[in-house]
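**Student:**
In my numbering, the protein residues as written are 164 to 371.
(1) Does the count of Cβ pairs from the segment 304-320 and the segment 343-356 closer than 8 Å reach three?
(2) In the DSSP assignment, what are the bridge partners of residue 342?
(3) Below 7 Å between beta carbons: does that hold for residue 245 and residue 295?
(4) By Cβ distance, which residues of its chain are closer than 6 Å to residue 199, with the 5 residues on each side in sequence left out?
(5) Return the Cβ separation of residue 341 and residue 334 in integer angstroms, given the expectation that the two are a contact with Cβ distance under 8 Å.
(6) Does the Cβ-Cβ distance between residue 266 and residue 232 come in under 7 Å?
(7) For residue 254, count the other beta carbons within 10 Å of its own beta carbon; 16 or more makes it buried, fewer makes it exposed. Which is it?
(8) For residue 248, is the classification buried or exposed, using 16 other Cβ atoms within 10 angstroms of its Cβ as the cut-off for buried?
(9) So, residue 279 versus residue 321, is the Cβ gap smaller than 7 Å?
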């Protein structure tokens with residue numbers, strides 16, 4: 164793999180906020196707001212993961228940045244993560260994100276990093292996950308699976324003392340994320356919500 168990873172920047176951006184933070188997202192309204200939930204980028208595409216000015220499902224969507232493939236292996240856990248700011252539509256898997264895009268020299272040494280705000284899909288059309296997280300490993304209590312983003316009614320639970328599985332991000336609102344989750348009671352995956360504080364967006368530790 165070529166370690167000289169470049170950042171693709173087009174000239175459709177909104178004004179630069181400062182030299183290290185570029186804001187590309189246009190002023191469109193997200194259906195939900197997420198409270199800075201940190202997740203992992205797990206894209207198998209060696210060309211990197213596109214960040215767009217607006218969701219790719221909308222007309223005139225353009226690529227404004229590329230999150231390089233396998234940044235984590237070259238730098239640190241920080242560069243494998245993005246921050247979720249909101250979900251454009253509950254029917255679609257486009258999320259507004261803030262991403263650290265690393266820039267390397269010809270020797271693969273980190274030169275700098277630029278923060279880019281834009282939209283990223285959480286999965287491919289074939290179902291391959293892109294935005295993911297893990298459950299915290301070896302929790303001392305069962306983890307509740309909620310039926311909604313704000314309510315306290317739970318529809319399942321995840322057994323304590325179990326290392327968490329990979330979770331594809333399919334929704335976010337407030338402090339919760341939505342996905343298909345392994346319910347201990349039924350032995351099946353249920354479509355529900357968990358607190359983001361119970362997740363571990365970290366490739367190095369289990370966050371305990």
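Each residue gets a CB set at the ideal place from its N, CA and C atoms; glycine is no exception.
**Tutor:** Checking against the coordinates, here is how it stands:
(1) Yes, since at least three Cβ pairs between the segment 304-320 and the segment 343-356 fall closer than 8 Å, the two stretches touch.
(2) 355.
(3) Going by C-beta atoms, residue 245 is not nearer than 7 Å to residue 295.
(4) Same-chain partners within the cutoff: 246.
(5) Rounded to whole angstroms, the Cβ separation of residue 341 and residue 334 is 3 Å, and the two are in contact under 8 Å.
(6) In this structure, the beta-carbon distance from residue 266 to residue 232 does not fall below 7 Å.
(7) Here residue 254 is exposed. Its C-beta has fewer than 16 other C-beta atoms within 10 Å.
(8) Buried, because 16 or more other Cβ atoms sit within 10 Å of the Cβ of residue 248.
(9) Not a contact, by the Cβ cut-off of 7 Å.
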